[in-house]
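Please read the structure below before turning to the comments.
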Amino acid sequence: MSQTTRAAPTGGATRAAPASEATRAAYGQALVELGHQDPRVVVLDADLSKSTHTALFAREFPHRHFNMGIAEQNMMGVAAGLASAGKIPFASTFAVFASGRCFDQLRVSICYPGLNVKIGASHAGITVGEDGASHQAIEDVALMSALPGMTVVVPADGPETRQAVFSAAARPGPWYLRLGRPPVPVVTPPGYRFQVGRGCVLRQGHDVAIIACGVMVAQALAAAEELARDGVDATVVNMSTIKPLDAEMVVQVARECGAVVTAEEHSVIGGLGAAVAAVLGEVYPVPLERVGIRDRFGQSGKPDELMAEYGLTADDVVRAARKALDRKG
Numbered sequence: 003m004s005q006t007t008r009a010a011p012t013g014g015a016t017r018a019a020p021a022s023e024a025t026r027a028a029y030g031q032a033l034v035e036l037g038h039q040d041p042r043v044v045v046l047d048a049d050l051s052k053s054t055h056t057a058l059f060a061r062e063f064p065h066r067h068f069n070m071g072i073a074e075q076n077m078m079g080v081a082a083g084l085a086s087a088g089k090i091p092f093a094s095t096f097a098v099f100a101s102g103r104c105f106d107q108l109r110v111s112i113c114y115p116g117l118n119v120k121i122g123a124s125h126a127g128i129t130v131g132e133d134g135a136s137h138q139a140i141e142d143v144a145l146m147s148a149l150p151g152m153t154v155v156v157p158a159d160g161p162e163t164r165q166a167v168f169s170a171a172a173r174p175g176p177w178y179l180r181l182g183r184p185p186v187p188v189v190t191p192p193g194y195r196f197q198v199g200r201g202c203v204l205r206q207g208h209d210v211a212i213i214a215c216g217v218m219v220a221q222a223l224a225a226a227e228e229l230a231r232d233g234v235d236a237t238v239v240n241m242s243t244i245k246p247l248d249a250e251m252v253v254q255v256a257r258e259c260g261a262v263v264t265a266e267e268h269s270v271i272g273g274l275g276a277a278v279a280a281v282l283g284e285v286y287p288v289p290l291e292r293v294g295i296r297d298r299f300g301q302s303g304k305p306d307e308l309m310a311e312y313g314l315t316a317d318d319v320v321r322a323a324r325k326a327l328d329r330k331g
């Protein structure tokens, strides 16, 4: 196993990790830990504090938590003002509202002046489940990645989420943290250190490289196990930072394996797969297969049912890997 790192995070790495945990829950816990360390941290929420788990911060720091009501656009404007006054605001709401409803406020009020606002975007992707298409953000990474200066991070599990929260607070500028609703298994290894802009090799192989983010990292690891039973040795990369992308690692695994698969709980248009395709096309072209949502809206259903319907299971990653291997020749 190899792992690339650049600098240690400022905190959030010592908590014992449960076997599975929702990244939104880890986000709420990390904000409490961060709030004790840095009085500049304030948290805003759009009447969703139980769902986003910022209610934990509200109980601990009632004078530093602001419920802005069901008014995300106004919340982003207030967050911009707080950042201008030296605070480190974490503006928290569902991803579909954070990215879509507030796009103009994020673009003009936060990213254009480069303000130090952190967006905690929970309930992303189709694993929101029964809430349906109106609440399933499947294009948010594309929207946020297009904004100049915006850092876009999709943690794979709870421990990585905690470290990403601390890293966001330590680095100036706007961040978008994409978080999920249901619990996900812990996939990052003991001692793992999140580094913005760096991928992490969770499994080393030489036949095909699977580059995944968010909930799809666990699916990628399961797919690698299935491929190994057929004698296929797969590399698995947790690429939690979509922007800035670790282009160096993308090229490295492409050179080592000669074929690449990407896996994301997002549209294949404008997400991780598109970012990886751009790097390979410009620097080192190899066969590439992308696992993601194919230009469709979501629908209501249980998370597992939707993952199967939209081709986001380990079996789907296995099939994509075999297609990439066939093209590799």
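So the sequence shown is numbered by the working numbering: it starts at 3 and just counts up by one. Even for Gly, the Cβ is constructed at its ideal location relative to N, Cα and C.
- Message: Could you check whether the segment 227-237 touches the segment 179-187, counting it as contact only if at least three pairs of C-beta atoms, one from each stretch, sit closer than 8 Å?
- Response: no
- Message: As a quick exercise: from Asp159, Ile90 and Ala48, pick the residue whose alpha carbon is nearest that of Cys104.
- Response: Ala48
- Message: Could you tell me the alpha carbon to alpha carbon distance between Ala171 and Lys120, rounded to whole angstroms?
- Response: 8 Å
- What number of angstroms, rounded off, separates the C-alpha of Ala316 from the C-alpha of Ser169? 30 Å
- Message: Which same chain residues end up closer than 6 Å to Val219 when comparing Cβ atoms and leaving out the 5 residues on each side of it in sequence?
- Response: Ala158, Val189 and Asn240
- Going along the chain, which residues of its own chain have a beta-carbon closer than 6 Å to the beta-carbon of Met251, five neighbours each way excluded? Gly201
- Query: What residue from Gln301, Ala32, Ala148 and Leu117 has the CA that sits closest to Thr163's CA?
  - Reply: Ala32
- Query: Where do the N-terminal and C-terminal ends of the beta strand (DSSP E) with Tyr178 fall, by residue?
  - Reply: Trp177 to Arg180
- Who are the Cβ neighbours of Gly131 in its own chain at under 8 Å, not counting the five residues just before and after it? Arg183, Pro184, Ser302, Gly303, Lys304, Pro305 and Leu308
- Message: Using a 10 Å radius around the Cβ and a threshold of 16 neighbouring Cβ atoms, would you call Phe92 buried or exposed?
- Response: buried
- Query: Can you tell me whether DSSP reads His125 as helix, strand or coil?
  - Reply: coil
- Query: To the nearest whole angstrom, what separates the beta carbons of Val253 and Leu327, a pair I think is in contact under 8 Å?
  - Reply: That belief does not hold up - the Cβ atoms of Val253 and Leu327 are roughly 19 Å apart, past 8 Å.
- Would you kindly check if the distance between the Cβ of Gly283 and the Cβ of Ala135 is under 7 Å? no
- Delimiting residues of the alpha helix (DSSP H) encompassing Val253: Ala249 to Cys259
- Which of helix, strand or coil DSSP assigns to Phe1: Any property of residue 1 remains undetermined from this structure, which presents the chain solely from 3 to 331.
- Message: Counting beta carbon pairs with one atom in the segment 148-155 and one in the segment 52-72, are three or more of them shorter than 8 Å?
- Response: no
- Query: Do you know how far the Cα of Arg205 is from the Cα of Val238?
  - Reply: 5 Å
- CB-CB under 7 Å to Gly175, same chain, minus the five flanking residues each way: which ones, in chain order? Gly116, Asn118, Gly151 and Thr153
- Per DSSP, what kind of secondary structure is Glu284 in: helix, strand or coil? helix
- DSSP state of Lys89 mapped onto helix, strand, coil: coil
- Coarse secondary structure for Ser242, derived from DSSP in three states: coil
- In its own chain, which residues sit with a C-beta less than 6 Å from the C-beta of Val285, not counting the 5 before and 5 after it? Val253
- Task: May I ask you to report which of helix, strand or coil DSSP gives Leu50?
- Result: coil
- Message: Buried or exposed, going by whether 16 or more other CB atoms sit within 10 Å of the CB of Asp2?
- Response: The structure shown does not extend to residue 2, since the chain is modelled only from 3 to 331, so the question has no answer here.
- Message: Taking a contact to mean a Cβ-Cβ separation below 7 Å, would you say Ala249 touches Val203 in this structure?
- Response: no
- Query: With DSSP run on the structure shown, which of helix, strand or coil describes Pro220?
  - Reply: Checking the sequence shown, residue 220 turns out to be Ala, not Pro. Residue state, collapsed to three classes: helix.
- Query: Can you tell me whether DSSP reads Ile295 as helix, strand or coil?
  - Reply: strand
- Query: Can you tell which of Ala236, Val98 and Val270 has the C-alpha that lies nearest to the C-alpha of Val255?
  - Reply: Ala236
- Task: Can you tell me which of the three DSSP states Ser302 falls into?
- Result: coil
- Task: Identify which residue in Ala81, Gly37 and Ile90 has its Cα closest to the Cα of Pro64.
- Result: Gly37
- Query: Between Asp106, Asp318, Pro192 and Ala123, which lies nearest to Ala148 when the distance is taken from Cα to Cα?
  - Reply: Asp106
- Query: Excluding five sequence neighbours on each side, which residues of the same chain lie with their C-beta closer than 6 Å to the C-beta of Glu141?
  - Reply: Ser269
- In whole angstroms, what is the alpha-carbon distance linking His287 and Ala222? In the sequence as displayed, the identity of residue 287 is Pro instead of His. Straight-line Cα distance between these residues: approximately 22 Å.
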